[in-house]
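Here is the structure we will look at, set down as structure tokens.
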Amino acid sequence: MENTKLLKLIQTLSQDEWKYLRWFVQSNFFNTDPKLLRLYEALSKYHPTFSAKAVEKEKLFGKVFPGLDWDDAKWRNLVSKMVKVVEKYLAMLELDEFENRRLLAKAYGRRNLYELFEKEQNELIATVGCQPVQDAESLRKMRQLKHEFYFHPMTDKVGNSPILSELEGELDLLHEVDKKLLACEKIVLNRIVKQPRSTSKIPEPTFLLIYRAAYQMLTSSTESDFIKTKKIFEENINSLSESDQKWTLIQLQNFAADKVNKGEGAHYNPYILELYKIGLEFKILHQNNQLTLPTYLNIVSTGAALKEFDWTAGFIETYNASLSVENQAPAKTFGLSMLYFQQNRHEDVISILSNFYPPDIHLLLSTRLMEFRSYFVMFLSNTSYYDFLLSYSISFEKLINRKGILAKDKATQYRKLIQAIRKMVTLKMSGNWNSKSRQQYYQTIKNDPAIIARPWLLEQLKNM
71 MENTKLLKLI
81 QTLSQDEWKY
91 LRWFVQSNFF
101 NTDPKLLRLY
111 EALSKYHPTF
121 SAKAVEKEKL
131 FGKVFPGLDW
141 DDAKWRNLVS
151 KMVKVVEKYL
161 AMLELDEFEN
171 RRLLAKAYGR
181 RNLYELFEKE
191 QNELIATVGC
201 QPVQDAESLR
211 KMRQLKHEFY
221 FHPMTDKVGN
231 SPILSELEGE
241 LDLLHEVDKK
251 LLACEKIVLN
261 RIVKQPRSTS
271 KIPEPTFLLI
281 YRAAYQMLTS
291 STESDFIKTK
301 KIFEENINSL
311 SESDQKWTLI
321 QLQNFAADKV
331 NKGEGAHYNP
341 YILELYKIGL
351 EFKILHQNNQ
361 LTLPTYLNIV
371 STGAALKEFD
381 WTAGFIETYN
391 ASLSVENQAP
401 AKTFGLSMLY
411 FQQNRHEDVI
421 SILSNFYPPD
431 IHLLLSTRLM
441 EFRSYFVMFL
451 SNTSYYDFLL
461 SYSISFEKLI
471 NRKGILAKDK
481 ATQYRKLIQA
491 IRKMVTLKMS
501 GNWNSKSRQQ
511 YYQTIKNDPA
521 IIARPWLLEQ
531 LKNM
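Each residue of the sequence shown is one higher than the last, beginning at 71 in the numbering used here.
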């Protein structure tokens with residue numbers, strides 16, 4: 071066994087490390103081949119020196135494969151497996167308490183256990199910050215922790231905005247540290263060996279192209295730079311890491327959504343659906359192999375609003391199984407209601423939602439809002455729905471007014487919609503609704519951004 075990789079590796083193990091390697095090899099989690107344990111036992115005879123001349127592979131083979139003649143292929147396969155197990159063991163020995171906890175926090179984050187992730191990250195940040203000796207490594211750890219925390223999809227970016235400035239400052243410090251260390255090494259080396267000035271250029275990685283394009287897009291806020299960034303993303307998506315894929319997709323979606331929300335371009339909506347389709351194709355939208363309920367419903371809402379009814383119906387059915395088990399039934403029910411709403415199948419909306427009581431309060435409010443809007447549209451074509459609409463508006467408002475259901479400003483948005491519709495339909499039923507009152511209400515609603523579903527309501531006013 072002279073100069074084999076396996077021999078070189080095990081010769082570095084201390085007495086305790088060699089003893090604990092047995093547990094590692096014995097574990098079915100790390101090793102499923104029982105012959106490796108026999109090899110370990112056979113090698114133990116040569117512990118602790120593992121002299122290359124003393125360790126005879128033929129004798130070891132006989133211990134592992136009793137009764138079999140020497141088989142070079144079997145031996146090589148066995149040693150190759152043992153090397154991989156020992157390498158895993160050595161890698162685990164390098165994990166200190168900090169790295170173990172950081173990886174645990176990362177596992178929490180990837181498995182949608184955000185509360186545990188947040189708690190562990192904050193404790194680690196506090197631990198690193200309180201270390202008596204601060205060096206470049208501790209600064210690197212601090213920046214890594216803050217970066218992983220801030221850029222988790224569920225982290226409140228507004229509430230944790232100061233972290234961005236801290237990350238920028240720490241990056242500047244680390245950049246200076248690394249530049250100075252390299253500069254000092256070059257000075258020392260040049261005193262010993264005179265070297266020509268290097269002119270080699272490091273090739274730029276793909277992800278840097280994405281970062282530059284995204285920065286330009288956010289800086290200029292122009293559609294041309296948005297399209298350019300989207301194109302670079304689509305052309306290089308297979309060359310990006312999972313985290314860079316997610317980051318870029320979020321930047322593009324947020325940019326387009328911001329344009330729509332500001333009223334600067336409804337034509338961005340098809341871009342948003344395109345990005346959703348890309349995210350589904352490459353599983354960028356998945357977290358721990360699952361779609362979240364908000365993501366699923368946002369995709370349905372976008373597809374239905376763009377009148378891509380066949381695609382949206384297919385998505386509802388195909389991707390329902392990608393949700394957690396407890397979310398599958400409510401997601402499908404509400405998803406279909408959104409599809410029916412956009413198809414003007416308002417009686418079907420009422421039918422599917424009438425006995426739907428989702429446990430999530432936000433989904434419950436969205437359900438009641440959908441029903442209320444459907445009753446209003448049905449009233450516009452048939453005033454016999456007036457009593458249903460009026461009764462529903464009262465019960466809906468009672469739900470909104472419950473203590474702790476909604477924040478004050480959000481409750482006001484719902485309340486204004488309910489009261490505006492109630493006043494308008496009452497005027498219509500009393501015979502006092504005319505072009506003048508329509509124009510007055512249209513202007514009032516148009517000038518009040520604190521009304522939920524305002525663009526939809528303005529569109530309905532045209533039919534009154």
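For glycine and all other residues, C-beta sits at the position ideal for the given N, C-alpha and C. Keep in mind the model is a prediction, meaning the values are calculated, not measured.
Which full runs of the alpha helix (DSSP H) of 4+ residues lie inside the region 218 to 269, going along the chain? For the alpha helix (DSSP H) assignment, the uninterrupted runs of no fewer than 4 residues enclosed by the region 218 to 269 are, from N- to C-terminal side, 232 to 262.
Which residue's Cα is closest to the Cα of K486: M212, T318, L439 and T403? Per the Cα distances, L439.
Among L459, Y484 and L460, the one whose alpha carbon lies nearest that of N471: It is Y484.
Residues bridged to Q509 (per DSSP): Per DSSP, none; premise fails for Q509.
Three-state class that DSSP yields for Q201 in the structure shown: Of the three classes helix, strand and coil, the one that applies to Q201 here is coil, per DSSP.
When the Cα of R172 is compared with those of A284, A161, N452 and N192, which residue comes out closest? For the options A284, A161, N452 and N192, the alpha carbon positioned closest to that of R172 is the one of N192.
Identify the residues that DSSP records as bridge partners of Q360: which are they? Looking at the DSSP assignment, Q360 forms a beta bridge with Q357.
Rounded to the nearest angstrom, how far is the Cβ of V370 from that of I348, given a contact under 8 Å? Not really, about 17 Å apart at Cβ, beyond 8 Å.
Determine the closest residue to S424 out of V228, V203 and T437, with distance taken between C-alpha atoms. Nearest of V228, V203 and T437 to S424, Cα basis: T437.
When the Cα atoms are used, what is the spatial distance from S421 to N452? Looking at the two C-alpha atoms, the distance is approximately 17 Å.
Give me the Cα-Cα distance between T197 and I488, rounded to the nearest whole angstrom. Near 51 Å, if we compare the C-alpha coordinates of I488 and T197.
Identity of the residue in A284, Y456 and V395 nearest M499 by Cα: Residue Y456 is the option with its Cα nearest to M499.
CA nearest to the CA of E111, picked from A124, L130 and N101: Minimum Cα distance to E111 is reached at L130.
Can you tell which of S505, A490 and L343 has the C-alpha that lies nearest to the C-alpha of L319? When each option's Cα is compared against that of L319, the closest is L343.
Could you give the DSSP three-state label for M152: helix, strand or coil? In the three-state DSSP reduction, M152 falls in the helix class (H, G or I).
Helix, strand or coil for R30? Go by DSSP, reduced to three states. With the chain represented from 71 up to 534, any question about residue 30 goes unanswered, as that position is not in the structure.
Could you spell out the range, first to last residue, of the alpha helix (DSSP H) harbouring S407? Note, S407: alpha helix (DSSP H), V395 to Q412.
Could you please give the first and the last residue of the uninterrupted alpha helix (DSSP H) stretch that includes V95? For V95, the enclosing alpha helix (DSSP H) starts and ends at Q85 to Q96.
Please tell me whether I521 and A490 are closer than 8 Å, where the distance is taken between their beta carbons. A contact, by the Cβ cut-off of 8 Å.
Helix, strand or coil, according to DSSP, for W381 in the structure here? W381 falls in the helix class under three-state DSSP.
Taking only runs that begin and end inside the region 163 to 215, name each unbroken alpha helix (DSSP H) of 4 or more residues, in chain order. Within the region 163 to 215, the complete alpha helix (DSSP H) segments of 4 residues or longer fall at 167 to 180 and 184 to 199, listed in chain order.
Nearest-angstrom Cα distance between S231 and Y220? As the crow flies, the alpha-carbon of S231 is around 9 Å from that of Y220.
In whole angstroms, what separates the C-alpha of G199 from that of W140? Distance between the alpha carbons of G199 and W140 is about 59 Å.
On a Cα-Cα basis, can you pick out the residue from P275, R92, V125 and Q85 that is closest to L77? It is V125 whose Cα lies nearest to the Cα of L77.
For F303, which residues of its own chain have a beta-carbon under 6 Å away from its beta-carbon, when the five flanking residues on both sides are left out? So the list reads T318, once near-sequence residues are dropped.
Does the Cβ of A481 lie closer than 7 Å to at least one heavy atom of the ligand MG? Among the components modelled here there is no ligand, and therefore nothing to report on the ligand MG.
Helix, strand or coil at G132 according to DSSP, with G and I counted as helix: It is helical.
Same chain only: Cβ atoms within 7 Å of K105, ignoring 5 sequence neighbours per side: For K105, the CB contacts under 7 Å within the same chain, skipping 5 residues up- and downstream, are V134 and L148 in chain order.
Pair within 8 Å by beta-carbon distance, F296 and A326: Closer than 8 Å, so yes.
Contacting residues, own chain, Cβ-Cβ under 7 Å from F458 (five flanking each side not counted): For F458, where only same-chain residues beyond five positions count, the Cβ hits under 7 Å are Y445.
Can you have a look at T365 and say buried or exposed, based on whether 16 or more other CB atoms are within 10 angstroms of its CB? Under the 10 Å beta carbon count, T365 is surrounded by 16 or more other beta carbons and is classified as buried.
What is the residue span of the alpha helix (DSSP H) that G474 lies within? Looking at the DSSP string, G474 is not in any alpha helix (DSSP H), and its letter there is neither H nor E.
Count the other C-beta atoms from every protein chain shown that fall within 10 angstroms of the C-beta of Y427, then say buried if there are 16 or more, exposed otherwise. By the 10 Å Cβ count, Y427 comes out exposed.
Out of curiosity, what's the CA-to-CA distance linking T299 and R508? When only Cα atoms are considered, T299 and R508 end up about 44 Å apart.
Rounded to whole angstroms, how far is the Cβ of I272 from the Cβ of N306, which I believe are closer than 8 Å? I272 to N306, Cβ: 18 Å. No contact.
Burial state of A175 (16 or more Cβ within 10 Å): Buried.
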